[in-house]
Amino acid sequence: MPNQLKQLQKHAGDHLLLLAIAGITLFGWLMLASASSVLAQRYFNDAFYFVKHQMLYGGLIGFSLFLLGYFVPYRYWRKLAFPAIALALFLLILVFVPGLQVSSGGASRWIGIGPITLQPSEVAKLAFILYLAALLEKKGEDVKDFKKSVIPFLIILAIIGTLIMMQPDMGTLLLITLVAASMIFVAGFKLRHLMIIGLGSLAVFGLFLNTARYRLERIMVYLHPELDPQGIGYQINQALLAVGTGGLWGLGFGRSRQKYYYLPEPAGDAIFAVIAEEFGLVRSVLVILVFALIGWRGWQIARQAPDVFGRLLATGITAWILLQAFINIGSILAITPLTGIPLPFISYGGSALATLLFASGVLLNISQYSRD
């Protein structure tokens with residue numbers, strides 16, 4: 001363990017953050033049991049198939065990874081930053097290997113090994129945050145140098161971005177780009193460098209939008225949800241209908257109507273619509289407040305971290321959770337375009353839950369060394 005950690009008195013960590021993570025995860029299983037019940041009964045003759053699968057592959061493995069992240073001093077992960085990003089890139093490439101590739105809805109974002117299905121982009125999110133935190137700490141004052149910091153950052157972002165867009169998964173690329181932006185801002189990149197990166201990113205995303213018709217259609221639906229309600233506007237209109245049906249207090253747990261084959265992906269990226277329908281506006285706001293609490297505690301941990309690596313790692317993890325939640329909920333409420341990004345800790349997906357729980361453990365470990 002580095003000297004700077006040895007010199008600090010280790011304490012219990014952030015209890016409030018721990019409570020928020022545990023609460024939102026347990027609530028996620030509860031909501032998944034309701035939101036996925038209809039589809040699970042139809043395809044597997046077991047209404048609890050998806051939630052049991054989530055608890056086994058996401059929860060059990062995720063809890064083990066959470067303990068690993070919580071108890072292992074966070075500086076240790078700095079040594080594994082390069083192997084982690086190399087593994088993530090390797091997994092992203094495996095997505096295109098016949099026999100391992102698992103496709104759904106026209107996208108190839110998963111690899112299948114026996115009964116286990118893994119989504120490499122979820123691993124890539126955490127690996128990229130870890131690698132970028134280590135890279136920026138290593139650069140020190142050179143973060144202000146364009147050649148020494150900006151170019152290496154753009155190269156690794158371009159490599160990961162290319163592999164993710166080949167799946168294709170523009171939503172995940174957008175999330176990773178925004179998380180990276182928060183980290184390089186905290187690291188101290190010059191304003192003009194940030195502006196160059198920002199303008200360049202806008203140009204790249206504009207190009208991506210024009211290369212696929214369905215992406216432009218998503219933007220049009222975002223601007224005009226009433227367009228083609230039975231076609232390209234079907235998902236957002238059904239989501240808004242679910243939210244509106246819930247009213248202030250909701251229809252009651254398990255009583256969603258939209259999950260009966262009306263709402264696409266009720267257990268996936270549209271699960272917040274089911275939450276709003278069953279629990280209503282007032283109680284669904286509590287979910288948003290829990291994510292806000294996680295963001296606030298994460299920011300405090302980053303601010304009080306004992307070193308640059310800890311500060312950047314905490315910033316990246318916090319931004320990841322907060323931005324992903326905002327993008328997902330925003331898309332359901334028609335505040336942002338639909339992206340297909342899942343709701344952290346709640347949407348179905350074992351890979352997503354396991355990596356989020358590991359990242360949460362690391363974040364809590366950083367809080368144990370915070371300077372009060």
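Taking the numbering used here as reference, the numbering of the sequence shown is continuous, increasing by one, and the terminal residue is 372.
A virtual CB, placed ideally from N, CA and C, is assigned to each residue, including glycine.
Please read all numbers here as calculations on a predicted model, not as lab measurements.
Bridge partners - residue i, DSSP secondary structure assignment
{"i": "Ser367", "result": "For Ser367, which the question treats as bridged, DSSP gives no partner whatsoever."}
{"i": "Trp110", "result": "Val102"}
{"i": "Thr117", "result": "Gly112"}
Beta-carbon gap between residue i and residue j smaller than 9 Å
{"i": "Leu173", "j": "Met183", "result": "no"}
{"i": "Leu132", "j": "Ala88", "result": "no"}
{"i": "Leu199", "j": "Phe185", "result": "no"}
{"i": "Leu94", "j": "Pro120", "result": "yes"}
{"i": "His224", "j": "Gly233", "result": "yes"}
{"i": "Leu191", "j": "Thr177", "result": "no"}
{"i": "Ile327", "j": "Leu175", "result": "yes"}
{"i": "Val97", "j": "Trp110", "result": "no"}
{"i": "Phe359", "j": "Trp320", "result": "Reading the sequence as shown, one finds Ala at residue 359 and not Phe. The answer is yes: Cβ separation under 9 Å."}
{"i": "Leu136", "j": "Val308", "result": "yes"}
{"i": "Ala375", "j": "Phe44", "result": "The structure shown does not extend to residue 375, since the chain spans only 1 to 372, so no value can be given for it."}
{"i": "Leu65", "j": "Gly361", "result": "yes"}
Nearest to residue i (by Cα), restricted to the options the options
{"i": "Leu356", "options": "Asp14, Gly13, Ile21", "result": "Ile21"}
{"i": "Thr162", "options": "Val204, Gly254, Lys10", "result": "Val204"}
{"i": "Gly374", "options": "Leu323, Gly252, Ala267, Tyr262", "result": "The requested residue 374 does not occur in the structure, where the chain is confined to residues 1 to 372."}
{"i": "Glu122", "options": "Gly298, Gly62, Leu248, Gly233", "result": "Gly62"}
{"i": "Ala127", "options": "Leu91, Ala270, Pro115", "result": "Leu91"}
{"i": "Thr117", "options": "Ala359, Ser351, Arg218, Tyr369", "result": "Ser351"}
{"i": "Val285", "options": "Trp299, Gly246, Thr336", "result": "Gly246"}
{"i": "Ala363", "options": "Tyr214, Arg75, Gly23", "result": "One detail in the question is off: residue 363 reads as Leu in this sequence, not Ala. The shortest C-alpha separation from Leu363 is found at Arg75."}
{"i": "Met55", "options": "Phe27, Asn45, Leu68, Val38", "result": "Phe27"}
{"i": "Gly140", "options": "Phe189, Ser34, Gln41, Thr25", "result": "Phe189"}
Chain-order list of residues whose beta-carbon lies under 6 Å from that of residue i (same chain, five-residue window excluded)
{"i": "Met1", "result": "Because Met1 sits at a pLDDT of 45, beneath the cut-off of 50, its placement in the model cannot be relied upon, and the point is left open."}
{"i": "Ile85", "result": "Ala127, Tyr131"}
{"i": "Asp142", "result": "Lys148, Ser149"}
{"i": "Val38", "result": "Lys259, Tyr260"}
Residues of its chain near residue i, where Cβ-Cβ distance is below 7 Å and the 5 sequence neighbours each way are ignored
{"i": "Ala81", "result": "Leu130, Tyr131, Ala134"}
{"i": "Ala325", "result": "Phe291, Leu343, Pro344"}
{"i": "Trp299", "result": "Thr318"}
{"i": "Ala273", "result": "Ala239, Ala242, Val243, Gln258, Leu263, Ile332"}
{"i": "Ile288", "result": "Ile329"}
Heavy atom of the ligand FAD within 8 Å of residue i beta-carbon
{"i": "Pro264", "result": "This structure simply doesn't include the ligand FAD, nor any ligand for that matter."}
Cβ separation of residue i and residue j, assumed to be a contact under 8 Å, to the nearest whole Å
{"i": "Ile294", "j": "Leu263", "result": "The pair is not a contact, with the Cβ atoms about 26 Å apart (cut-off 8 Å)."}
{"i": "Glu278", "j": "Gly254", "result": "7 Å"}
{"i": "Pro337", "j": "Arg218", "result": "5 Å"}
{"i": "Tyr348", "j": "Phe50", "result": "6 Å"}
{"i": "Ile301", "j": "Ser367", "result": "5 Å"}
{"i": "Ala267", "j": "Ser36", "result": "4 Å"}
{"i": "Gln235", "j": "Ala276", "result": "Not quite, the Cβ-Cβ distance comes to about 15 Å (not below 8 Å), so this is no contact."}
Contacts around residue i, its chain only, beta-carbon distance under 8 Å, and the 5 residues preceding and following it disregarded
{"i": "Pro229", "result": "Asn237"}
{"i": "Leu16", "result": "Leu293, Arg297"}
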